[in-house]
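**Q** Before we start, here is the structure in question, set down as structure tokens.
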Amino acid sequence: MRNKRVIVAQCVLLIILLIMAISYYLINPSKDAKSSFLKNELILDFDSVEFEKIIPFFKRLDQDNFSLESSNTSQKISIQDCKSKQVYQFNGSGLKSFKFKSKTPINGDYYPSFTINILTFSSVSEADKYEKVIRDSFLYSSTIVECNELKTPTKVISNGHFVFYFTNSSEMSKPYTDKYAKVLKELPM
416 MRNKRVIVAQ CVLLIILLIM AISYYLINPS KDAKSSFLKN ELILDFDSVE FEKIIPFFKR
476 LDQDNFSLES SNTSQKISIQ DCKSKQVYQF NGSGLKSFKF KSKTPINGDY YPSFTINILT
536 FSSVSEADKY EKVIRDSFLY SSTIVECNEL KTPTKVISNG HFVFYFTNSS EMSKPYTDKY
596 AKVLKELPM
């Protein structure tokens with residue numbers, strides 16, 4: 416009789432411990448919240464014919480006294496959609512990033528600058544779809560866990576097969592990103 420009580424007590428204790436362990440993981444999810452996000456990787460291909468259509472934009476920046484500070488074609492860009500719990504990772508030859516800086520200072524010694532990321536999609540409808548995803552999402556950082564700590568792109572537009580998103584270094588550069596986003600939006604594609 417005593418052995419039976421001990422076995423029942425041990426079973427009850429084991430059940431209580433299991434319930435506590437399960438409830439702990441349900442109430443306190445893992446610190447790596449990104450692991451619960453579904454990853455979508457898109458490989459973008461470079462299309463020289465399509466890219467030729469935005470050459471007038473680069474000429475306009477040069478006329479407006481902006482210089483190309485850097486360009487990068489090998490980086491990956493990740494966008495985190497916190498509502499749908501999805502991470503979109505873009506890479507491939509169809510992803511370009513350019514940093515521009517004005518040669519003309521404003522307010523004494525501040526030189527406006529911005530970065531434009533150009534994503535080339537295979538169709539206009541695909542570009543429109545991902546423009547909405549990027550506009551409503553956050554730029555992803557591997558060191559940040561919470562969505563409210565992430566940075567949103569400054570300006571996102573699509574035109575033709577392209578999605579353009581701008582980021583800038585400060586609020587003083589925002590009028591320039593707005594201006595050049597409008598220039599890109601009005602380019603014939």
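Going from the sequence shown to this note's numbering is simple: count from 1 and add 415.
By construction, the Cβ of each residue, glycine as well, lies at the ideal position given by its N, Cα and C atoms.
1) Can you tell me whether Tyr-591 is buried or exposed? The criterion is at least 16 other CB atoms within 10 Å of its CB, across all chains shown.
2) Less than 7 Å between C-beta atoms, sequence neighbours within five positions excluded: which residues of the same chain meet that for Phe-472?
3) Mind checking whether Ser-528 and Lys-514 have CB atoms under 9 Å apart?
4) Would Phe-577 be called buried (16 or more neighbouring beta carbons within 10 Å of its own) or exposed?
5) Residue ranges of each beta strand (DSSP E) run of no fewer than 3 residues wholly in the stretch 429-516, ordered along the chain?
6) Out of curiosity, what's the CA-to-CA distance linking Ser-533 and Asp-524?
7) Thr-519 bridges to which residues according to DSSP?
8) Bridge partners for Lys-570 per DSSP, in chain order?
9) Please work out which residues of its chain come closer than 7 Å, Cβ to Cβ, to Asn-574, disregarding the five sequence neighbours upstream and downstream, and give them in chain order.
10) Can you tell me which of Asp-593, Phe-505 and Asn-522 puts its alpha carbon nearest to the alpha carbon of Glu-456?
11) Grab the span of the beta strand (DSSP E) containing Ser-540 for me, first residue to last.
**A** Looking at the atomic coordinates:
1) buried
2) Val-598, Leu-599 and Leu-602
3) yes
4) buried
5) 453-458, 481-487, 492-496 and 501-506
6) It should be pointed out that residue 533 corresponds to Ile in this sequence rather than to Ser. Roughly 29 Å separates the two Cα atoms.
7) According to DSSP, Thr-519 bridges with nothing at all.
8) Phe-581
9) Leu-599, Lys-600, Leu-602 and Met-604
10) Phe-505
11) Careful: Ser-540 lies outside any beta strand (DSSP E), inside the alpha helix (DSSP H) at 539-550.
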